[in-house]
Structure formats: C-alpha cells, structure tokens
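A.B. asks: Encoded as structure tokens, here's the structure I'll be asking about.
Residue numbers (the numbering used here), protein chains in the order written: chain A, 1 to 337; chain B, 1 to 370.
Structure (structure tokens):
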C-alpha cells in the first residue's frame, strides 16, 4: 500500500495497464504535461497532446479502438465533451450494438467532472446522469483514490466503452490548475474531503467490478445513496445525524451505469428511508432513476432527493447553496422523519 | 434590466473614438483602462479574492483597442476567455465587471457568470468559455444584422489554437458561403493552453483562413496603429455588405494561459517546480514499461516545452502594446493619461475589493461583507 492522491492513483492504474498491454495509450489536451510521469515512462507515441478538437480527438479514439488500440482519451472536464457529443452518443455507444456485438469499442473517455471550486456553470457540470441515460455506456465516478485505481484498471482490462469521471474537487492537480490552489491566499481545506483526495492504493492494483456499490457507513434509520463528492458530504451529514440519534447508512454507487440496484434496494429495505444525494441535475437524472427503481420494486420506503436544480452559479456562496451541501442533506433527512 | 452595483456615481464615461481616424491619445486611454482593470483582477486573484480561473488579456490590448475603435453601438462582439479588455473597451462598467469576477451577487451578472461567462446585452457583447464558440455565435448575429440591421458588423475574437475547433472552421465556411458581415479576429499567442500550437496544427492560420475564401489582413498585435489600419479595412468591407474577413494579429501572453499556469511558475520559480515535478518524472523513467529511447523522448519533450516557454517569454517582453504605443503620443501625454485613468479606476478597484473583503471564499452560504 502506498498513499496516493486520486489523480496519482488513476495514473498508477493507467501506468500498470500500459506496462502490461502495449495497445493502451492516452491522448488529450495538454496530456503530455498533465501526465508527464507517464510521458517520461512510456514516451511520446503513447502519451500525446491533441489540438483543441474535441469532436475529432474523441471520434479518433473510437477509430483507434476499432483498429486494435485501447485509447484513454482525456478531457479537462466533461463539459468540454459536449463539443463532440456525437462521438460519445452516436459513435462509441452505438457501434458495438450496430455490429451485432461483433466489434468491441475498448475506449475510455477520462474527464474531470463536478463543482465546488467556483468555475462557473459551463465548467462545473456532472453530466453523469445524462451519459448514463444512453444504452451501452458505462459511467464510472470514483470517490476515493483506491476506487479510482481499481475501477480504471477494470476499464482497461475490459473491452467496453467507459466514461471515467474524476471529481475535480478530489483531484489536487486539477484544483491547482483550475481553482488556483497554487495560491497561498486561498484555502480549500474546508470543502475538500481528506479521504477523497488522498488515500492508500495497492502497489499492484486489483480490478473492482463495475456495478458494485460500497457501503461507506452502516446505519439502520436512513440510507444516503450517493457518489463522488456527495459520498463525503453524506458521511459528514451522517456524523451530525448520529449526534441526534439518527443512524445513517451511506452507500457509494461508484458506477452510475451499471447501477447496483440490489445495493440500493437492500439499503431501502434495511432503513425504510432513502435520500439520494447527487451533484448532477435533478431533472431526468439519477435521483429520478432511483425513485423509479424503488417504486417498481414495491418498497414502502420513504424517498427524498438532494440534487442541482439550476444553472450552477459562479459566486462561491451562491454555488455552495445550489450544490448538495451538508445542510441540504440534513434538511432532506429530517423531512423524512 | 438595471444591474444593481455598489457604484453610486454612475458608469464612468467611455472614451470615444472616431472610426477611420486614428486618434492615438484616445486609443491609448482605452488601452490603459483595459490594462488597469486586468492588472487589478490579476492582483485580486493572487490575493485570493478571485475564485476559480482568471485568464487575463494583458498583451492583447493593442488588438482589442485597434478593432473596437471601429465599432459602433449597433455592432456585436463575441468574445473568448480573455474578455476583460474588450468588455472594458466596449464600455462595460468596471466596477460591475470586477464585482462579478470577484464573485459578488452585486456584479454585472448577479454572481451567476464569473469571468468566463460574462454577458452584457446592453453592449451587445458576450463571451463563451467553450473554445471556438464565439465564431458561430458571431455568424448567427451577422445573419440577424444582415436581415434586420444592415451596416452592423459582428466581430468574433479568438485565439490561433481555437482554429483547431471544428465549429470555428464551420463558422468560417458559413460566413463566406452566406457573405455575412462578420470579422474573425485571430489573436496568435503561439500557445494552445500549455501545448505549443504549431506542434498540434497543420498549416498556418492565414493559409487556413484563405482556404475558406476569407479575405485576410495581418497585423502586429503589439502595434495598435497597425491593428487599427488592418481591422478598418475588413470592418469597412463587412459594413458595406461585401462579406466577411479574417484579421490575423500576433501577441504575447505574459501571464500564461491563466494565472497560476504551471509553465509560468516553471519560469518564475524553477527550483520550486523542479522539486514538485522532479520525483514523479524520475519515478516514471525508472518504472518498467517503455524502452530507453521512449523514456529519453518523453523527458526531452518536457525539457523542450520549458525551453520554448523561456524563449517566448523573452521575446514577448518586447511585445507590450502599451509600451509600443507611447511613442505615438506627444511628450508627457502618456503619463498624463495614465495618471487620469488611474485616478478614475483606483477608487473603483478599492470599492470592489471592499465588497468581498473578509469573505471566507468556500463552503459558506454567506457572500461578501455588506
């Protein structure tokens, strides 16, 4: 075990896969600088800078995957993927199905996602619910370095199309780049969950299967279902609730698609109360999907959700209010009492 | 909509210029004001008062002022992430703009936008943080101008690196095919975020624009009189209904891609950055996978990038459009203009900073102290 940051953990797993399989390579904007350690290890052919051409370099990832490579195509943030959305929804998600399952698309789109560091509503979206709406896309969103490494390895050992989203708030390098954490005048400690940004990662990474949630905290009174930064907000809320005699279970979904339905239903059955905490939009997304799952299962569990209801504002205090913060989670739980 | 700001004295008077006539003093005043506001925001960023990213337009004032001097209130501007100078140049209220970038709900966009997403309908000016988006936005505006407002021009400002964004190339084509009154202003600072643009670009911006059938003018972006002359020809043409144009202007970005840029820190504090990056690079070279040639190539690439940055920043020190414009003015006039602008802008800066002073930036439902 070694202590690593979340971004180091992803690169650690990627490096392991690149050493084991010379078909694995990575490209994207500024990747030679961002992934400089992999560049020093594997050289220029396998770590490539791209022009600011999201449509072309994402579609090229599909072409490369279909012609024998296993590309990890990186974007600073998933918001930018919208420029080349067709590559994801009309290409990578479709071609395997169109081929009758005969032609795999072993492509990983790796991108930062999410908010909390004031980058404004065009640079802070989650989009994981939107992506998971399309058939044949695997959507991964880890909340810890160990999960990030294990899930990335699974993506690279498999042959399916994966969108791998790293919460930018948990990625030290992205915070330094995008939030100006290189300044000594800004202090992020009050919003960064320590367990999300840094943690133990095995020297040799083991794959973590997709579609398996992790129970982060056991509790019998209410189940908090979340992912990404939301998991850490839920754990913080659970501490407060414990002081009030309410025992909260915290479930980390880890992948939005496939969704671990059994884990959600088990937590609902155990507690009788479900609060879904999601940094993505509330409309037509993950929170509604969980509600449908509960209804279809016939459970009598009470349900509430805490998600993003509006364009994410820039001003820090307005942004904070719009996100699933601890106060909003506590209010939702108390509303189910 | 009335934008609420702390400003009690009303917007500052906007320097006026007469198109087709190069008035060095007025244009210099415009550039000084752009620079003062940008410098104030850079300082505020380093002081921890600007949350998130800040891309200054320092070094681009010559291009901004040289183009904007030709525009009237019917024209529209479609900006990118380096938008403080052109917003100020169009007459945006400096205090409202600063408050927005500082993250106050008293700002120009009520705290919803921040520096990369500013919009001011009263000035017909907006920006988009998505690289290349200004091009097609300008094309759409130009369609409206041609139909409802003949003689008005849409101007898109973009970098050379955004010319690898498909939608901008598609916009060039539409502008030419439909003979629209739009002028694309390419500001070439040689860098694509922190990647060297020529490493990831086939051909040159000018060849590429010509390939679409766009009439091209070129200018030294650090020489505002040069930009003014070249932009005037294209804008005049577009205004007369003769179709779009492409202005290519060179410039330098002394602040890097954005404040805190790793390459700039590498130049300014090499030992600190060597300590931060060195161990990881060493581990990469030592780790299994990749042959000796690949490892040498990878390390060489990082070294080359640092060397290119050092060279470009040395050259760039001679490319300050303000310094280069001073000889155009009568003796003592530049100093007098700077003193006047400073006297006007400094109270605005002080007021804006005071509005967010003492704010715990993150994790709080509270805004600035009232």
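Virtual Cβ for every residue (Gly too), placed ideally from N, Cα, C.
In this text the structure is predicted, and so the values were computed from the model without any measurement.
Identify the residues that DSSP records as bridge partners of residue 220 of chain B: which are they?
C.D. replies: Residue 220 of chain B pairs with B:250.
A.B. asks: Can you give me, in chain order, the residues of the segment 78 to 112 of chain B that have a beta carbon less than 7 Å from any beta carbon in chain A?
C.D. replies: Correct list: 103, 104, 105, 111 and 112.
A.B. asks: Nearest chain B C-beta to residue 86 of chain A closer than 8 Å, yes or no?
C.D. replies: No - not a single Cβ of chain B is within 8 Å of the one on residue 86 of chain A.
A.B. asks: So which of A:120, A:108, A:125 and A:105 has the shortest CA-CA distance to residue 114 of chain A?
C.D. replies: The residue with the shortest Cα to Cα distance from residue 114 of chain A is A:125.
A.B. asks: Taking residue 29 of chain A as part of the alpha helix (DSSP H), name the residues at either end of that continuous run.
C.D. replies: Looking at the DSSP string, residue 29 of chain A is not in any alpha helix (DSSP H), and its letter there is neither H nor E.
A.B. asks: For residue 226 of chain A, which of helix, strand or coil comes out of DSSP?
C.D. replies: Residue 226 of chain A falls in the strand class under three-state DSSP.
A.B. asks: Pop quiz: residue 6 of chain A and residue 148 of chain A are said to be a contact at Cβ under 8 Å. What is the actual Cβ separation, rounded to whole angstroms?
C.D. replies: About 5 Å; that satisfies the 8 Å criterion.
A.B. asks: Could you have a look at residue 354 of chain B and say whether DSSP puts it in helix, strand or coil?
C.D. replies: Reduced to three states, the DSSP call for residue 354 of chain B is helix.
A.B. asks: Looking only at its own chain, which residues have a Cβ that is under 7 Å from the Cβ of residue 10 of chain A, when we skip the five neighbours before and after it?
C.D. replies: The residues are 148, 149, 152 and 166.
A.B. asks: Pull up the distance between the alpha-carbon of residue 256 of chain B and that of residue 42 of chain A, whole angstroms please.
C.D. replies: Cα to Cα, the separation comes out at about 28 Å.
A.B. asks: Which residues, in chain order, does the segment 298 to 310 of chain B contribute to contact with chain A at a C-beta distance below 9 Å?
C.D. replies: Residues 298, 299, 300, 301, 302 and 305.
A.B. asks: Tell me whether residue 294 of chain B sits in a helix, a strand or coil according to DSSP, three-state version.
C.D. replies: In the structure shown, residue 294 of chain B sits in a helix (DSSP, three-state: H, G or I).
A.B. asks: Using 8 Å as the cut-off, can you tell me whether the segment 84 to 93 of chain B makes contact with the segment 31 to 51 of chain B, which would need three or more C-beta pairs spanning the two stretches below that distance?
C.D. replies: The segment 84 to 93 of chain B vs the segment 31 to 51 of chain B: in contact.
A.B. asks: Where does the unbroken beta strand (DSSP E) through residue 302 of chain A begin, and where does it stop?
C.D. replies: Here the beta strand (DSSP E) through residue 302 of chain A covers 302 to 308.
A.B. asks: Between the Cα of residue 93 of chain A and the Cα atoms of A:240, A:108 and A:279, which residue gives the shortest distance?
C.D. replies: That would be A:108, whose Cα lies nearest to the Cα of residue 93 of chain A.
A.B. asks: Hey, how far is the Cα of residue 73 of chain A from the Cα of residue 129 of chain A?
C.D. replies: Each residue's alpha carbon lies about 20 Å from the other.
A.B. asks: What residue does the beta strand (DSSP E) around residue 115 of chain B start on, and which one ends it?
C.D. replies: It is not in any beta strand (DSSP E) - residue 115 of chain B carries neither H nor E in the DSSP assignment.
A.B. asks: In chain order, what are the residue ranges of uninterrupted beta strand (DSSP E) at least 3 long that sit wholly in the segment 202 to 272 of chain A?
C.D. replies: Segments of the beta strand (DSSP E) lying fully in the segment 202 to 272 of chain A: 214 to 217, 222 to 226, 248 to 252 and 255 to 257.
A.B. asks: In the DSSP output, which residue or residues are listed as bridge partners for residue 5 of chain A?
C.D. replies: According to DSSP, residue 5 of chain A bridges with A:198.
A.B. asks: Given the structure, does residue 205 of chain A come close to the ligand ZN, in the sense that its CB is under 7 Å from one of the ligand's heavy atoms?
C.D. replies: The ligand ZN is not among the ligands present in this structure, which contains no ligands whatsoever.
A.B. asks: In chain order, what are the residue ranges of uninterrupted alpha helix (DSSP H) at least 4 long that sit wholly in the segment 123 to 206 of chain A?
C.D. replies: Within the segment 123 to 206 of chain A, the complete alpha helix (DSSP H) runs of at least 4 residues are 128 to 132, 145 to 157, 172 to 178 and 194 to 197.
A.B. asks: Taking three-plus beta-carbon pairs below 8 Å as touching, is the segment 224 to 234 of chain A in contact with the segment 268 to 280 of chain A?
C.D. replies: A contact exists between the segment 224 to 234 of chain A and the segment 268 to 280 of chain A.
A.B. asks: Quick one: using the 10 Å Cβ neighbour count with 16 as the cut-off for buried, is residue 295 of chain A buried or exposed?
C.D. replies: Residue 295 of chain A comes out exposed.
A.B. asks: Of the residues A:257, A:260, A:219 and A:263, which one's Cα is nearest the Cα of residue 242 of chain A?
C.D. replies: Selected option, being the one with the closest Cα: A:219.
A.B. asks: I'd like to know whether the C-beta atoms of residue 115 of chain B and residue 134 of chain B end up nearer to each other than 8 Å.
C.D. replies: No.
A.B. asks: Have a look at residue 211 of chain B and residue 167 of chain B and give me their C-alpha separation to the nearest angstrom.
C.D. replies: Using only the alpha carbons, I get a separation of about 16 Å.
A.B. asks: Quick one: residues in its chain with C-beta nearer than 8 Å to the C-beta of residue 143 of chain B, no 5 flanking neighbours on either side, listed in chain order?
C.D. replies: Answer for residue 143 of chain B: 178 and 180, listed in chain order.
A.B. asks: Alpha carbon to alpha carbon, how far is residue 183 of chain A from residue 145 of chain B?
C.D. replies: The straight-line gap from Cα to Cα measures roughly 44 Å.
A.B. asks: Look at the Cβ atom of residue 31 of chain A, then the Cβ atom of residue 48 of chain A, and state whether they are nearer than 8 Å.
C.D. replies: Cβ distance < 8 Å, so residue 31 of chain A and residue 48 of chain A count as in contact.
A.B. asks: I'd like the list of long-range same chain contacts for residue 234 of chain A, defined as Cβ closer than 7 Å, with 5 residues on each side in sequence excluded.
C.D. replies: If we look at residue 234 of chain A and ignore the five residues flanking it on each side, its Cβ neighbours are 224, 226, 250, 277 and 329.
A.B. asks: Just to make sure I have the definition right: I need the residues of chain A whose C-beta is within less than 7 Å of the C-beta of residue 131 of chain B. Which are they?
C.D. replies: Chain A residues near residue 131 of chain B: 52.
A.B. asks: Taking 8 Å as the CB-CB limit, is residue 355 of chain B close to chain A?
C.D. replies: Not closer than 8 Å to any Cβ of chain A, the Cβ of residue 355 of chain B fails to qualify, so no.
A.B. asks: Note down, in chain order, every chain A residue with its Cβ under 7 Å from the Cβ of residue 265 of chain B.
C.D. replies: By Cβ distance, chain A contributes 182.
A.B. asks: Contact between the segment 212 to 232 of chain B and the segment 66 to 80 of chain B is defined here as three or more beta-carbon pairs at a separation below 8 Å; is this criterion met?
C.D. replies: Contact between the segment 212 to 232 of chain B and the segment 66 to 80 of chain B is present, because at least three Cβ pairs lie under 8 Å.
A.B. asks: Output yes if chain A places a C-beta closer than 8 Å to the C-beta of residue 328 of chain B; else output no.
C.D. replies: No, its Cβ sits nowhere closer than 8 Å to a Cβ of chain A.
A.B. asks: Give the list of continuous beta strand (DSSP E) stretches no shorter than 3 residues that lie fully inside the segment 36 to 86 of chain B.
C.D. replies: As far as the segment 36 to 86 of chain B is concerned, its whole beta strand (DSSP E) runs of at least 3 residues are 76 to 79.
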